[in-house]
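**Q** Residue numbers (our numbering): 42 to 306.
Each residue gets a CB set at the ideal place from its N, CA and C atoms; glycine is no exception.
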């Protein structure tokens, strides 16, 4: 039987309220919502302060098992208190307070030999989250977010959009200058995706070397800052009557063409 928090004076209630505030300049803890992302974050080794459910909804067995295996405390909160905590936000059935892991850096990409996804100026968090999930599933070594406007990968929206996979592989926040300098000094071939690319995406299928796959925003494309270090441009054939592909779809197509190499390492 799980203990139930029945009063707002419980320290956990204020802790949850503090984590949900959008104005925090330093992000040391994060709110992880819903059973699937919680389980995935636990599997990724994220450290949790506590996990919570609502007294009117049973906590899924898979989540309880994952918490027990990692000795993570689990309690229920009365539904009336949960509604006061989240106010007008969507109320999650399960959620937890996690300690934000050390931020990844560009040099951490050397830990793996898989391809790297570089998102230049992509700011829509839903797209970034979808790319994170696809990158993990198809063997990418990591993702570099260039000028994304995010201050932390523990951003509540990104954790939700990625279904918790944002902690399962290196996701690195970098300025454009930092990214350009890094890729200029590595042996990875940087391939920029463009509607008029000189190579077709299928040409990447049998390239047996590590690549950095560069995608820009759908409105502005990739920055000219990367032109001097790009080894070539790649296009994805589409119906000419269509304006463009969503960036998350483009990244998924590219990684699928590279899956034989990336998942074999």
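Provide the residue span of the beta strand (DSSP E) that contains residue 181, from first to last.
**A** Note, residue 181: premise wrong, no beta strand (DSSP E); not H, not E.
**Q** Can you tell me which of the three DSSP states residue 161 falls into?
**A** In this structure, residue 161 counts as strand in the three-state DSSP scheme.
**Q** Can you tell me whether residue 192 is buried or exposed? The criterion is at least 16 other CB atoms within 10 Å of its CB, across all chains shown.
**A** The residue is exposed, with fewer than 16 neighbouring Cβ atoms inside 10 Å.
**Q** Quick one: give me the first and last residue of the alpha helix (DSSP H) that residue 219 is part of.
**A** Where residue 219 is concerned, the enclosing alpha helix (DSSP H) stretches over 217 to 225.
**Q** Which residue's Cα is closest to the Cα of residue 205: 52, 76, 42 and 50?
**A** Cα-wise, what sits closest to residue 205 is 76.
**Q** Express the C-alpha separation of residue 149 and residue 58 in angstroms, rounding to a whole number.
**A** Spanning the two alpha carbons is a distance of roughly 33 Å.
**Q** How far does the alpha helix (DSSP H) with residue 79 in it extend, from its first residue to its last?
**A** From DSSP, the alpha helix (DSSP H) with residue 79 extends over 76 to 84.
**Q** Can you list, in chain order, the residues of its chain with a C-beta nearer than 8 Å to that of residue 199? Leave out the 5 residues immediately preceding and following it.
**A** Contacts found: 166, 169, 170, 173, 191 and 207.
**Q** What residue does the alpha helix (DSSP H) around residue 297 start on, and which one ends it?
**A** Run containing residue 297: 288 to 298, per the alpha helix (DSSP H) assignment.
**Q** Taking only the alpha-carbon atoms, compute the straight-line gap between residue 151 and residue 202 and give it to the nearest angstrom.
**A** Distance between the alpha carbons of residue 151 and residue 202: 26 Å.
**Q** Within this structure, are the beta carbons of residue 233 and residue 275 separated by less than 9 Å?
**A** Yes, these two residues count as a Cβ contact at 9 Å.
**Q** Taking 8 Å as the threshold, find out whether the segment 241 to 256 comes into contact with the segment 290 to 306 through three or more Cβ pairs.
**A** Verdict: yes, contact present.
**Q** Which residues in the same chain as residue 279 place their Cβ atom closer than 7 Å to its Cβ, once the five residues preceding and following it in sequence are excluded?
**A** Within the same chain, residue 279 has close Cβ partners 286.
**Q** Count the other CB atoms, across all protein chains shown, that sit within 10 Å of the CB of residue 122; report buried if there are 16 or more and exposed otherwise.
**A** By the 10 Å Cβ count, residue 122 comes out buried.
**Q** Would you mind stating whether residue 94 and residue 47 have Cβ atoms separated by less than 9 Å?
**A** Cβ atoms of residue 94 and residue 47: not closer than 9 Å.
**Q** Just to confirm before moving on: does the CB-CB distance between residue 195 and residue 116 stay below 9 Å?
**A** Result no, Cβ atoms of residue 195 and residue 116 do not sit closer than 9 Å.
**Q** Using the rule of at least 16 other Cβ atoms within 10 Å of the residue's Cβ for burial, across every protein chain shown, is residue 88 buried or exposed?
**A** When all chains shown are included, residue 88 counts as exposed.
**Q** Spatial neighbours of residue 90 within its chain, please: CB distance less than 6 Å, with the 5 preceding and 5 following residues excluded, ordered by chain position.
**A** For residue 90, where only same-chain residues beyond five positions count, the Cβ hits under 6 Å are 138.
**Q** Any idea which residues DSSP pairs residue 138 with across the strands?
**A** According to DSSP, residue 138 bridges with 72 and 91.
**Q** Three-state secondary structure (DSSP) at residue 199?
**A** It is helical.
**Q** With the cut-off set at 9 Å, would you say residue 45 and residue 119 are in Cβ contact?
**A** Yes, they are a contact pair.
**Q** So what does DSSP say about residue 155, is it helix, strand or coil?
**A** Residue 155 falls in the coil class under three-state DSSP.
**Q** Starting from residue 230 and walking both ways along the beta strand (DSSP E), at which residues does that stretch end?
**A** First-last of the beta strand (DSSP E) with residue 230: 230 to 234.
**Q** For residue 130 and residue 82, what's the separation of their Cα atoms in angstroms?
**A** Cα-Cα distance, rounded: 22 Å.
**Q** Thinking just about the alpha-carbon of each residue, which of 154, 113, 179 and 110 is nearest to the one in residue 10?
**A** With the chain covering only 42 through 306, there is no way to say anything about residue 10.
**Q** When you compare the CB positions of residue 181 and residue 158, do they come within less than 9 Å of one another, or not?
**A** It is a contact, given that the beta carbons lie within the stated cut-off.
**Q** Less than 9 Å separating the beta-carbons of residue 132 and residue 69?
**A** No; because the gap between Cβ atoms is not below 9 Å, this pair is not in contact.
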